[in-house]
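Anchor point for the first sequence: position 538 equals 538 in this note's numbering, and the numbering is continuous, going up by one each time.
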Amino acid sequence: MRFGKLCLQTTRETPADVKIASHSLLVRGGFVKSLANGIFSHTAPARLAILNIERIIREEMNNIDGQECRFPVVMPKELWESSGRYTSIGSEMARFKDRNGKDMLLGMTHEEAAVHLAKSFVGSYQSLPFMIYQIQTKFRDEPRPRGGLIRLREFTMKDAYSFHMTQEDLVEYYDKAYEAYHRVFKRAGMKNFIAVKSDMGMMGGDRADEFMLISPIGEDTLVLCDHCGYKANMEVASSVYDKQAPQLPLPLAEVFTGDAKEIQCVCDMLKVTPDCTIKAVVYAVKGEQGTVIVFLRGDREVNEAKLRAVLGKNIVAWENDGESGIAAGNIGIKDLRAKNNTVVYDISIANTVNMVTGANKPEYHLVNFCIDRDLPDSRSIKYVDVSKVKEGEACPVCGQPLKLVNGIEIGNIFQLGTKYTKSMNMTVLNERGELVNPIMGCYGIGVDRMLASIIEENHDDKGIIFPVTVAPFKVHICGLRMDDPQTKETAEMLYKELESNGISTLFDDRDLSAGVKFADADLLGMPIRMVVSPKGLKDGCVELKLRKESQSERVPVEAVLERVNALIKELSAEYYY
RNA sequence: CGAGGUGUAGCGCAGUUUGGUAGCGCGCUUGGUUCGGGACCAAGAGGUCGCAAGUUCAAGUCUUGUCACCUCGACCA
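Written as structure tokens, this is what we have:
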């Protein structure tokens with residue numbers, strides 16, 4: 001491709017509202033153009049990089065016997081009602097009516113379509129297992145898109161669906177997919193990624209893993225143990241606690257605390273630390289009356305994802321309407337008289353003694369509260385784990401201190417079970433002639449987000465450093481002094497030679513100064529830069545430089561093709577799995 | 001949904017306090033000189049100042065409404 005004719009403009013300045021490196025470089029390099037909130041157009045180089053990523057994904061999916069299919073973007077309401085998700089998914093699903101007033105929606109994932117397709121073509125166990133997948137545009141009306149291509153409303157996703165007769169068969173395939181995902185990310189030039197156990201979210205199912213690129217800009221928090229290798233998303237990470245030091249129970253007493261409501265204020269007033277208190281956090285249940293009150297140790301925070309999983313209900317922020325009977329700021333376990341509420345006891349308060357807690361009346365707290373002594377029905381309390389893991393807390397597996405890092409979710413895999421095949425009534429005959437629901441797995445990769453993540457991990461202060469496997473072009477020719485006939489002729493000749501030998505090349509044939517061309521070459525980040533100039537041609541040479549290196553080499557014009565091929569081979573070796 | 005911010009040329013911004021001919025830098029066009037790390041000179045093109053209504057002799061500027069975008073928040077009782 002010729003730079004001079006590219007529909008693209010590089011810029012020196014980063015737009016003021018851009019916060020992260022990949023977004024900045026994608027915009028400055030002219031790869032993407034924001035069209036609306038969370039919706040981008042891609043220029044040719046971005047498209048080429050995406051196609052390279054898709055090619056890697058296709059190869060790996062085909063390698064685990066995937067069949068590339070295609071599901072519709074637009075689907076009727078009825079299909080999604082059959083799985084129950086038409087109502088269970090909120091406003092992130094875009095809905096509209098067609099000309100006849102029929103309710104339609106834009107696909108945000110395709111379990112329903114996959115089951116719809118599979119159930120009509122598959123009647124017996126002899127066809128199973130199989131996996132179907134697609135790479136296609138999804139639309140999710142995210143509440144807050146951000147970070148350029150990191151969180152989009154319209155995006156490209158590879159989504160795969162596998163069907164099995166037994167759980168064992170699913171697990172076996174799941175492990176193959178798990179390995180295939182590692183190969184995809186490795187081949188695409190990612191280094192610092194890991195798989196962690198994750199929440200099921202809207203998918204439902206038995207087990208899920210997320211593939212995370214460890215990065216400070218990641219939106220997810222990951223809990224890791226360097227000692228035993230425990231890895232989990234914060235959303236599902238289990239907590240274990242230091243047991244309270246043994247102490248004699250002191251008499252329960254009510255103390256005046258006035259306006260002190262927040263944990264820290266109460267602690268300051270009573271001269272205690274937050275881990276000696278029990279606090280209450282109140283939620284509302286989405287679409288239902290009443291509240292959920294969570295009691296947990298004052299130094300802990302509620303993990304809403306774990307709470308949702310425990311309740312099996314969606315919770316939302318609670319707003320005090322003054323009618324709930326709740327003494328906000330002074331809520332305690334003892335004599336809680338709130339109406340219509342579900343009470344959740346976190347394991348952090350089990351068997352605690354001498355704690356500070358709300359007195360369930362304004363301006364008062366209790367001190368020396370001992371849950372087993374002061375609650376008549378304490379034995380019937382079922383404690384659950386709903387708090388967030390903290391940095392340094394003991395690993396639930398080996399007890400060593402945990403560390404927290406941020407991660408960008410670049411892919412996920414789920415063991416769905418029969419959630420969709422049951423609800424959508426997909427059955428096949430087994431060996432004994434009985435009708436059974438196949439067991440499903442599903443496997444997603446965010447393609448655009450992968451591009452952004454690759455750039456997050458592969459750039460310097462001058463621009464992108466594309467892995468050779470993903471780079472839109474392998475070679476970037478900078479023709480210096482294109483007004484010089486011999487230089488122009490040689491650059492043209494080399495460009496055509498590379499292209500005709502299957503080496504994708506970006507040819508900067510513009511009549512601009514060397515500095516501009518070098519800056520653009522660094523910004524766009526192709527792995528090999530070739531400088532064709534009168535200076536080099538004087539000795540019959542051109543200059544080759546790798547984007548990731550600072551040293552260049554001089555190569556005779558006639559040896560260029562061979563040398564470029566060798567460099568590509570060398571660069572590619574890094575990304576073999 | 002809540003709070004804050006921003007909408008002026010393709011991009012980045014000034015101008016708004018105090019109403020009075022639409023500005024700067026980058027980019028773009030033409031000519032010339034340069035040219036191996038974001039060159040210089042000269043001459044140009046390009047904007048109904050997000051949109052709508054209002055106040056005024058006069059609105060980018062004041063008033064009201066509205067739309068869009070950005071950031072943070074939407075557990076810490």
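C-beta atoms are modelled at their ideal positions from N, C-alpha and C, and glycine is treated no differently.
The DSSP-derived three-state label of V531 is strand.
Bounds of any alpha helix (DSSP H) do not take in M93, whose DSSP letter is neither H nor E. The way I'd put it, the stretch 60-67 does touch the stretch 176-184; three or more beta-carbon pairs between them come closer than 8 Å.
Residue pairing from DSSP places V542 in a beta bridge opposite V555.
Taking C-beta atoms under 8 Å as the contact rule, M450 and A160 fail to qualify, at a distance of about 15 Å. Taking 8 Å as the cut-off, the beta carbon of V353 is found closer than this to the beta carbon of Q247. The way I'd put it, the stretch 232-252 does touch the stretch 365-378; three or more beta-carbon pairs between them come closer than 8 Å. By the neighbour-count criterion, in which 16 or more other beta carbons inside 10 Å mark a residue as buried, R12 falls on the exposed side. Residue state for N37 is assigned as coil, using DSSP reduced to three classes. Linking D169 to Q415 through their CA atoms gives a straight-line distance of about 11 Å. With 16 or more other Cβ atoms inside 10 Å of its own Cβ, V294 counts as buried. The closest CA to that of Q400, considering only D539, L6, C228 and I439, is found on C228. Distances from the CA of N100 to each of P76, A114, R85 and A514 were compared; the closest alpha carbon is that of P76. Here C398 is exposed. Its C-beta has fewer than 16 other C-beta atoms within 10 Å.
P401 carries a strand assignment under DSSP once its states are collapsed to helix, strand and coil. By the C-beta density criterion, Y577 is exposed, having fewer than 16 other C-beta atoms within 10 angstroms. Considering only K545, E549, D522 and S215, the residue with the shortest C-alpha distance to A452 is S215.
Counting the other Cβ atoms within 10 Å of the Cβ of M526 gives 16 or more, which makes it buried.
Restricted to the stretch 413-479, the beta strand (DSSP E) segments that are unbroken, complete and at least 3 residues in length are 439-446 and 475-479, listed in chain order. Contact between the stretch 516-532 and the stretch 561-575 is established, with three or more Cβ pairs separated by less than 8 Å. Fewer than three beta-carbon pairs drawn from the stretch 233-241 and the stretch 251-260 are found closer than 8 Å, and the two stretches are therefore not classed as touching. Under the Cβ criterion (8 Å, minimum of three pairs), the stretch 472-486 counts as touching the stretch 495-513. According to the DSSP secondary-structure assignment, H164 is paired through a beta bridge with I439. The C-alpha of Y125 is placed about 5 Å away from the C-alpha of N430. In this chain, the alpha helix (DSSP H) harbouring F518 covers A514 to L524. As the crow flies, the alpha-carbon of G290 is around 13 Å from that of K313. The stretch 104-141 is shown to contain whole beta strand (DSSP E) runs of 3 or more residues at 130-139, in chain order.
The stretch 430-448 makes contact with the stretch 405-420, as at least three CB pairs between them are under 8 Å. Contact annotation: L296 and K271 have beta-carbon atoms that are not nearer than 8 Å. V557 and L26 have their C-alpha atoms roughly 33 Å apart. The criterion of a C-beta distance shorter than 8 Å is satisfied by V32 and S41. Around the C-beta of P145, 16 or more other C-beta atoms lie within 10 Å, and the residue is accordingly described as buried. According to DSSP, V367 shares a beta bridge with A253. DSSP, read as helix, strand or coil, puts M493 in helix. In the three-state scheme derived from DSSP, where H, G and I count as helix and E and B as strand, M157 is classed as strand. With respect to the C-alpha of A573, the residue from T469, E553 and E409 having the closest C-alpha is T469.
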